[in-house]
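In my numbering, the protein residues as written are 1 to 130. Beta carbons: idealized from backbone N, C-alpha and C, even for Gly. One structure below.
Take a look at the structure:
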């Protein structure tokens, strides 16, 4: 009887872990940016990144590994009804890029702290870069 209880408990933990990893994969976005950019005051080098999107937070890390960072959300923004995931950057007059928006198909997007200076906008699709 004790072995059966342990087996059921072990199975439960395995299923919880599997469910959590599946949830991570469903909300994961991969993107490749061909330029350096700023996020929350930090300069991020050009390259591949993985974004984990949840209702109230967005987490970013390099596709090559390393520490993850939470991106502070200023507010949620209206659904633009875009067919693909899109990232928007503020580009200031000095050529610096600031991650300012993440738009998801069929959902409200996320507004991040962009450039506080005069700027233009640059869009990049997930996986494509710009």
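Check whether the Cβ of residue 92 sits closer than 7 Å to any heavy atom of the ligand SAM, and report yes or no. For the structure depicted, the ligand SAM is absent and the ligand set is empty, with no information on it obtainable.
When we look at the beta-carbon of residue 109 and count the other beta-carbons within 10 Å, is it buried (16 or more) or exposed? Buried, by the Cβ-count rule.
Quick one, are the C-beta atoms of residue 99 and residue 39 less than 8 Å apart? Their beta carbons are under 8 Å apart, which means residue 99 touches residue 39 by this criterion.
Taking buried to mean at least 16 other C-beta atoms within 10 Å of its own C-beta, is residue 124 buried or exposed? Its Cβ being crowded by 16 or more others within 10 Å, residue 124 is buried.
Note down, one range per segment and in chain order, each beta strand (DSSP E) of at least 3 residues found wholly within the region 53-121. Runs found: 57-62, 69-71, 73-77, 86-92, 97-103, 109-112.
Three-way DSSP call (helix, strand, coil) for residue 33 in this model: Correct three-state label for residue 33: strand.
Does the beta-carbon distance from residue 126 to residue 84 come in below 8 Å? In contact: residue 126 and residue 84 (Cβ atoms closer than 8 Å).
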